[in-house]
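Have a look at the structure below, then the notes.
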Amino acid sequence: MTVETLHNHCWPNSVRVVDSHTGGEPTRIVVSGGPDLGSGSLAERRERLRDEFDDFRAAVVLEPRGTDVLVGGLLVEPSEPGCVAGIIFFNNVGVLNMCGHGTIGLAATLAHLGRVDKGVHRLDTPVGSVGIELHENNEVSVENVPSYRSAKNVTIEVEGHGTLSGDIAWGGNWFFLVEDHGQLIEVGNVERLSDFSRLIRAALGREGVTGADGGEIDHIELFSATDNPSADSRNFVLCPGGAYDRSPCGTGTSAKLACLVADGKIAPGETWRQESVIGSIFEATGKFDGDKVIPTVRGAAYVTGEGVLFFDSTDPFRTGIST
Ligand code: PYC
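Next comes the structure, spelled out in structure tokens:
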């Protein structure tokens, strides 16, 4: 099968992909045939993907080829020396900064393709390089970008729910982290949790609350206790496109670790075990980097499929179904 490369804004006939899931959250990596984003940093090439190839993003992750839950990644040449690959993640509504579960899935994909051996490697991303280490049993550790809490106890007015406070933290994406919310974090309650979290995100937007760099806080993370003896806490994470993260969210777990370290609730080197709303677990430890923490997040990923996506020029849903 010939896989054509997309040049000069022409559509490819097809791209080769490898699918995986990490703690239940799916990732689809475009391993060949994707658009040529030219040269430059990963941040510059991400802008190009966003500005010039948004239809391609949508075609790969949206129905009928994907779902709203799917996170996509375009494998590219790295620009940072010492990196084995570059990755630009995207989802049902746009491009992402970084993606923890997706990086664990990417590591499993690269191992599946025979492109990396067990051991330690670095990957280039739009927000800096990250480390991966492949272990036994499908487990991967990701040494994430430096993470930090930028604001504590920020109070907002949530429509229908009154005043609520949370922390703002960076873990490769911006998060609003809420402990005291009165919601039941259980898989049977995800519709209500999603609606509630959307209202929080709307309140942040309405009140002009942003990350420290002015970036939109597009991920909402709720926490509760858990009865799982293998975990320290359970979370629910609303992703930018409205889907909830089936995994504990790698960047969200990093943001949580940054808050715990800032509050002196966990020492660097201690392990935090974050359970997702469906019961999958990531383990995280951190080390200090000035006033930030460098989290290492560990989870398991499984390759679920490998194939070719076709983009027939006569297909009325070639660019996906936007809802
Ligand atoms: O694992 O960092 C993550 C993530 C971000 C969005 C979905 N998953």
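Add 256 to a position in the sequence shown, counting from 1, and you land on the number used in our numbering. Glycine residues also receive a C-beta, built at the ideal position from the N, C-alpha and C atoms.
Considering only residues of the same chain and omitting the five flanking positions on each side of MET257, which have a CB-CB separation below 7 angstroms? On the sequence shown, residue 257 is found 1 positions in, with the first residue counted as 1. Low confidence applies here, because MET257 scores a pLDDT of 28, under 50, leaving its location unreliable and the question unanswered by this model.
Report the residue ranges of all beta strand (DSSP E) runs contained in full by the segment 297 to 349; include only those spanning at least 3 residues, in chain order. 327 to 332, 341 to 346
Applying the 10 Å Cβ sphere with the 16-neighbour rule, what's the burial state of PRO402? Reading the sequence shown from its first residue, position 146 is the one you call residue 402. Buried, by the Cβ-count rule.
State buried or exposed for LEU513, treating a residue as buried only when at least 16 other CB atoms are found within 10 Å of its CB. Locating residue 513 in the sequence shown gives position 257, counting from the first residue. Per the 10 Å Cβ criterion, buried.
Let's test the definition: count the other Cβ atoms within 10 Å of the Cβ of HIS357 and tell me whether it reaches 16, buried, or not, exposed. Taking the first residue of the sequence shown as 1, we reach residue 357 at position 101. Buried, because 16 or more other Cβ atoms sit within 10 Å of the Cβ of HIS357.
Do ARG529 and ASP488 have their C-beta atoms within less than 7 angstroms of each other? As a working note, residue 529 is residue 273 in the sequence shown. As a working note, residue 488 is residue 232 in the sequence shown. The answer is yes: Cβ separation under 7 angstroms.
Is there contact here, the segment 308 to 319 with the segment 375 to 391, by at least three beta-carbon pairs under 8 angstroms? no
Does the Cβ of CYS515 lie closer than 6 angstroms to at least one heavy atom of ligand 1? Mapped onto the sequence shown, residue 515 falls at position 259. Result no, Cβ not under 6 angstroms from ligand 1.
HIS357: CB within 6 angstroms of a non-hydrogen atom of ligand 1: Here residue 357 refers to the residue found at position 101 of the sequence shown. HIS357: yes, Cβ under 6 angstroms from ligand 1.
Would you list the residues sitting across from ARG457 in a DSSP beta bridge? Indexing the sequence shown from 1 puts residue 457 at position 201. BP columns for ARG457 are empty, so no partner.
Can you pull the DSSP bridge partners for LYS548? For this step, residue 548 is matched to residue 292 along the sequence shown. DSSP output for LYS548 lists ASP545 as bridge partner(s).
Who are the near neighbours of SER404 in its chain, counting only those whose CB is closer than 6 angstroms to its CB and skipping five residues on each side? On the sequence shown, position 148 is the one that residue 404 refers to. Here residue 404 is Tyr; the residue named in the question, Ser, does not match the sequence. The answer, listed in chain order, is TRP426, ALA514, LYS548.
In whole angstroms, what separates the C-alpha of ARG306 from that of PRO485? Here residue 306 is taken as the residue at index 50 of the sequence shown, counted from 1. Here residue 485 is taken as the residue at index 229 of the sequence shown, counted from 1. For ARG306 and PRO485, the distance between alpha carbons rounds to 42 angstroms.
Comparing the CB of THR507 with every heavy atom of ligand 1, is any distance shorter than 6 angstroms? The count along the sequence shown starts at 1 and reaches residue 507 at position 251. For ligand 1, at least one heavy atom lies less than 6 angstroms from the Cβ of THR507.
At a Cβ threshold of 7 angstroms, is THR579 touching chain D? Here there is only one protein chain, and chain D is not present.
Quick check on this structure: which residue in LYS521, SER397, ASN491, GLY329 has the alpha carbon closest to the alpha carbon of ARG272? Taking the first residue of the sequence shown as position 1, residue 272 is located at position 16. It is GLY329.
The segment 431 to 443 in contact with the segment 470 to 481 per 3-pair CB rule at 8 angstroms: yes
Using C-beta distances below 6 angstroms, list every residue in its chain close to GLU319, excluding the 5 sequence neighbours before and after it, in chain order. Locating residue 319 in the sequence shown gives position 63, counting from the first residue. Within the same chain, GLU319 has close Cβ partners ILE577.
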